[in-house]
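In what follows, a single structure is set out as structure tokens and then discussed.
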């Protein structure tokens, strides 16, 4: 989807503003939204696959006006409703009357709690099947012109541009597909993206083979 | 959650998130302690200190450095680190003539097991839009100047790889132990906005 989320190269957002001694979560609800989104995905309370697509479908004005974890929360709510786990009406009704402190469960779920460090804080095998792709390191490749309406991972700012394969990462399913497909790190000279007065240097973007010719 | 007095008006989103959690708990689909455990993992256990330990090890152990550059996920795993958003870690080594910096223009991709969750500025519209187009100007806002004779390579993490920058070992640290090197490595070095 060519949505507002695809921000590479846009003007007008001003200076970057680092925050000294920033907390991991600025408000308790941010942590709850983050945790619920992870658990909802792991337990199948939202439709399988990436939550990114649901965040990208937030209407542009709302996307821009929302904080980061607000977008996560909106995407999660969308997924819970889409999966039939909750209805929009019951969330609306509860939000109108329920206050800001979530109900605590009386029981515990030790088995699922034990999985948290397994998934979030333990060594994992390296993902990515070996890639048998059409391109080799050093090949010149051009990003296809396209405008897919579904979720994808090809930023607008590289479409039509030609770059050089710098690495072959491996193979993963391209969003919207099931079969693993080779992913290339493609290096673009800044001038080939932004014109002759661009800063010197390069941008390297990870692109599925289907995005390239 | 303890009793928490809010001195401000609660936001609509705060009420909606509480509503969602309460409904999921009451339906028996989620228990509060699972959400607590996820929050506490990133508040206390998984953060940039992990990445600093990886970098310090690479500075003192050339064989580890070689393994780290060959398969970041496996080498990070040797130190006990790994997990979600770290399934394919690629380590980018700075050199005297190359500086690497990482962004995710489409969302907020970030190597959680070695850096924790990203700071707000990394997810900001300003950083996402500008780092690919005017990286030297953005780095200047962090007080970082990359000399003109150093190649500046920006990495937009748009697929499954998650990037960690391996900064150069600072001059004058030859006598320091691995443990003494750890505090010299900051989150911002490992994103690449500080050189």
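Chains as they are written, first to last, in my numbering: chain B, 1 to 213; chain Z, 1001 to 1195.
Using N, Cα and C, we set each Cβ at its ideal position, and we do this for glycine too.
On a predicted model such as this, the values are computed, not experimentally measured, just so you know.
- The continuous stretches of alpha helix (DSSP H) do not include residue 179 of chain B, and DSSP gives it neither H nor E.
- Residue state for residue 22 of chain B is assigned as coil, using DSSP reduced to three classes.
- For residue 1057 of chain Z, not one C-beta of chain B is nearer than 8 Å to its own C-beta.
- Nearest in C-alpha terms to residue 1044 of chain Z, of all of B:61, B:55, B:23, B:197, is B:23.
- Collapsing the DSSP output to three states places residue 1071 of chain Z in coil.
- Residue state for residue 168 of chain B is assigned as strand, using DSSP reduced to three classes.
- Neighbours of residue 1071 of chain Z in chain B, taken as residues at a C-beta separation under 9 Å, are given in chain order as 126.
- Annotation for residue 1061 of chain Z: no alpha helix (DSSP H) segment contains it, and DSSP assigns it neither H nor E.
- Against chain Z, the CB of residue 205 of chain B has a partner CB under 8 Å away; the residue lies at that interface.
- In its chain, beyond the 5 residues on either side, no residue has a beta carbon closer than 6 Å to the beta carbon of residue 1009 of chain Z.
- Under a 10 Å Cβ-count criterion, residue 44 of chain B is classified as exposed, with fewer than 16 other Cβ atoms of the shown protein chains found around its own Cβ.
- Fewer than three beta-carbon pairs drawn from the stretch 1059-1070 of chain Z and the stretch 1120-1139 of chain Z are found closer than 8 Å, and the two stretches are therefore not classed as touching.
- Listed in chain order, the non-local C-beta contacts of residue 202 of chain B below 7 Å within the same chain comprise 187, 188, 189, 190, local neighbours out to five positions each way being set aside.
- Residue 116 of chain B is not a Cβ neighbour of residue 212 of chain B, given a cutoff of 8 Å.
- Look at residue 1088 of chain Z: its C-beta is under 8 Å from a C-beta on chain B.
- For residue 155 of chain B against residue 1105 of chain Z, the beta-carbon gap comes to about 6 Å, under 8 Å, which counts as contact.
- Cβ contact annotation for residue 6 of chain B (same chain, cutoff 7 Å, sequence separation greater than five): 155, 156, in chain order.
- Under the three-state reduction of DSSP output, residue 1099 of chain Z falls in the strand class.
- From the beta-carbon of residue 170 of chain B, the residues of chain Z found nearer than 9 Å are 1088, 1160, 1161.
- With a cut-off of 8 Å on Cβ pairs, the stretch 99-108 of chain B is not in contact with the stretch 68-76 of chain B, counting fewer than three such pairs.
- When Cβ-Cβ separations below 8 Å define contact, residue 13 of chain B makes contact with chain Z.
- Proximity of residue 1114 of chain Z to chain B, defined by a Cβ-Cβ separation below 8 Å, is not satisfied.
- In this structure, the beta-carbon distance from residue 1094 of chain Z to residue 1014 of chain Z does not fall below 8 Å.
- Note: residue 1153 of chain Z is bridge-paired with B:202, Z:1100 in the DSSP secondary-structure output.
- Residue 173 of chain B is bridged by DSSP to B:180.
- Contact of residue 108 of chain B with chain Z is assigned, a C-beta pair being separated by under 8 Å.
- Contacts between residue 83 of chain B and chain Z, judged by CB atoms closer than 8 Å, are missing: the closest CB pair is about 11 Å apart.
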